[in-house]
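Quick note, the working numbering runs 918 ahead of the 1-based positions in the sequence shown.
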Amino acid sequence: MMMGNSLERNQISLAYRSLSILLLCAVVFTPIGLNSKTWAYQDEKTPAPAAGEAPADDEAAPAGEAPAAGGEAPAAENPPAENGAPAVAKESFLSWMIRASGFFGLILLLLSFLMVALIMANVLSIRRDNMMPPDLIGAFEEKINSKDYQGAYELAKSDDSFVARVLAAGLSKLNQGYAEAIEGMQEVGEDENMAMEHKLSYLALIGAIAPMIGLMGTVYGMILSFQTIASSATSPKPSELADGISTALFTTLEGLTVAIPAMIFYSLLRNRVARFSLEVGMISESLMNRFSANSK
C-alpha cells in the first residue's frame, strides 16, 4: 500500500515538474516563434511582375509554331478561375489548422497533453479506496474492540492513506487528552486537504493561461492581417487576409478547447476532495470516540 502511494506521488510530482518546464519553455521560445513566423510570412510575399514585362523563355511559344485556326489561343493546362486567378489546390482542414495555429498551437497542444496527465493522476489519487480503505478501517475497529491500542496505533502509522494519517495524529496526542487528540486530527486533516487542493491548482492554472495563450494568438493574427492591409498599395484580396484571420480564430478555439475541460475537472475534483475530507473527519472522530469509550 505504501509503495503504491509513494509511486503515485512520484508520478504526480513528475507531472508538476513537467508543467513548470513547459511554462518556462513557453516564456523563452514564444518571441523566437513569433519572429520566425513573421519572417516566413514576409518571404511568402513575392512581387508581381511589372506591366509590360516579357514572359520567361520557357514560357514562350516554340519558334515556328503556328497559332490555332481562327486565331484562337491554345487552351491552358490549368484554366484560370472566374476572377482571373489560377486555380489553387484545396488544402485539408487539419493541415490548414496546423499551419494557421503555428507556435501557439504547439504550446496549446503540449498543455492539452499535460492537462490530461494531471486529470488522470488526480482522478486515480482522489478515490475513496485510497483515502478511506475499508480494510484499514475494519482492522482498526477490531484492534479497538480487542483493546489492542498499541496495535491500532502501529496499524495507522504504517499506512499512508488519508484516514490513517489522521488517526495516527490523534492517537499520538491521546495521552494529552481527548480534546488535544481531536485538535491534532483536525490539523492533519486540514494539512492534507490543502495538499490535495494544491495539486488540483495546476488544473486551474492551465484553465487560466490557455485562453490567454489563445488571445495572444488572436492578437498576433490580427496584426498580420493589418500588416497586409498597410503594406498593400491597393485593396488586398480576401485570400491575402485569410492567414492572419485563421491564426486568430484557430488559436482562440484551441485555447478554449483546453481551458474548458480543465476548469470542469478542477471543479469536480475539488468538490470530491471536500466531500472525502468531510467523510474522513467524521470516520476518524467516530473511531476516536469508540477508542475513548473503550479505554474507560
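Virtual Cβ for every residue (Gly too), placed ideally from N, Cα, C.
{"Asked": "Take Phe-1022 as the anchor and find which of Lys-1091, Thr-1136, Arg-1046 and Leu-1187 has the nearest alpha-carbon.", "Found": "Thr-1136"}
{"Asked": "With a 10 Å radius around its C-beta and 16 neighbouring C-beta atoms as the bar for buried, classify Ser-1119 as buried or exposed.", "Found": "exposed"}
{"Asked": "Keeping to the same chain, check which residues put their C-beta closer than 7 Å to that of Arg-1083; ignore five residues upstream and five downstream.", "Found": "Val-1106 and Glu-1110"}
{"Asked": "Going by beta carbon distance, what residues of the same chain come within less than 7 Å of Ser-1143, once the five residues before and after it are set aside?", "Found": "Leu-1159, Gly-1162 and Ile-1163"}
{"Asked": "Counting only runs of 3+ residues fully inside the region 1080-1145, write out the beta strand (DSSP E) ranges in chain order.", "Found": "none"}
{"Asked": "Any C-beta of chain C sitting closer than 7 Å to the C-beta of Glu-1115?", "Found": "Protein chain content of the structure displayed is limited to a single chain, and chain C is not contained in it."}
{"Asked": "Once the 5 residues before and after Met-1029 are set aside, which same chain residues still bring their CB inside 8 Å of it?", "Found": "Checking the sequence shown, residue 1029 turns out to be Leu, not Met. Leu-940, Ile-1124, Ile-1127, Ala-1128, Ile-1131 and Val-1176."}
{"Asked": "Starting from the C-beta of Lys-1075, find all residues in its chain whose C-beta is less than 7 Å away, skip the five residues before and the five after it, and write them out in chain order.", "Found": "Ala-1086"}
{"Asked": "Give a yes or no on whether the C-beta atoms belonging to Leu-1121 and Leu-1036 are separated by under 7 Å.", "Found": "yes"}
{"Asked": "May I ask you to report which of helix, strand or coil DSSP gives Met-1050?", "Found": "coil"}
{"Asked": "Using C-beta distances below 8 Å, list every residue in its chain close to Leu-1174, excluding the 5 sequence neighbours before and after it, in chain order.", "Found": "Ala-1128, Pro-1129 and Gly-1132"}
{"Asked": "Does the Cβ of Asp-1053 have 16 or more other Cβ atoms within 10 Å, making it buried, or fewer, making it exposed?", "Found": "exposed"}
{"Asked": "Which of the three DSSP states is assigned to Gly-951 in this structure?", "Found": "Low confidence applies to Gly-951: its pLDDT is 46, below 50, so where it sits in the model is not reliable enough to give any reading."}
{"Asked": "Mind checking whether Thr-1169 and Ser-1019 have CB atoms under 7 Å apart?", "Found": "yes"}
{"Asked": "In chain order, what residues of the same chain have a beta carbon less than 7 Å from the beta carbon of Lys-1091, not counting five sequence neighbours either side?", "Found": "Glu-1098, Ala-1099 and Gly-1102"}
{"Asked": "Look at the alpha carbon of Pro-1156 and the alpha carbon of Gly-1139, and state the distance between them as a whole number of angstroms.", "Found": "14 Å"}
{"Asked": "If you compare alpha carbons, which of Ser-1202, Leu-1187 and Glu-1203 is closest to Leu-1294?", "Found": "For the chain, the structure presents residues 919 to 1214; residue 1294 sits outside this window and is missing."}
{"Asked": "Distance, Cα to Cα, Leu-1196 vs Ile-1025?", "Found": "38 Å"}
{"Asked": "Would you mind reading off the limits of the alpha helix (DSSP H) that contains Lys-1065?", "Found": "It is not in any alpha helix (DSSP H) - Lys-1065 carries neither H nor E in the DSSP assignment."}
{"Asked": "Helix, strand or coil for Thr-1152 per DSSP?", "Found": "coil"}
{"Asked": "Have a look at Ala-1039, Asp-1077 and His-1116 and flag the residue whose alpha-carbon is nearest the alpha-carbon of Ala-1057.", "Found": "Asp-1077"}
{"Asked": "If you draw a straight line from the alpha carbon of Lys-963 to that of Met-1181, how long is it in whole angstroms?", "Found": "Because the pLDDT of Lys-963 is 45, which lies under 50, any placement of that residue in the model is unreliable, and the number read from its coordinates should be weighed accordingly. Cα to Cα, the separation comes out at about 41 Å."}
{"Asked": "Indicate whether Arg-1190 and Ile-1044 have their beta-carbon atoms separated by less than 7 Å.", "Found": "yes"}
{"Asked": "State the Cα-Cα distance for the pair Gly-1204 and Met-1015, rounded to the nearest angstrom.", "Found": "The question names Gly, but residue 1204 in the sequence shown is Ser. When rounded, the distance between both Cα atoms is 58 Å."}
{"Asked": "I'd like the span of the alpha helix (DSSP H) that includes Arg-1017, first residue to last.", "Found": "1011-1043"}
{"Asked": "Looking only at C-alpha atoms, which of Glu-1009, Asn-1040 and Leu-1027 sits nearest to Ala-1113?", "Found": "Asn-1040"}
{"Asked": "Taking just the CA atoms, how far does Phe-1011 sit from Ile-1141?", "Found": "23 Å"}
{"Asked": "Tell me which same chain residues have a C-beta within less than 6 Å of the C-beta of Gly-1088, skipping the five on either side of it?", "Found": "Ala-1099, Gly-1102, Met-1103 and Met-1206"}
{"Asked": "In whole angstroms, what is the alpha-carbon distance linking Asn-1048 and Lys-1008?", "Found": "53 Å"}
{"Asked": "Assign Asp-1077 to one of three DSSP states: helix, strand, or coil.", "Found": "coil"}
{"Asked": "Do you know offhand how far Arg-1046's Cα is from Ser-1013's?", "Found": "44 Å"}
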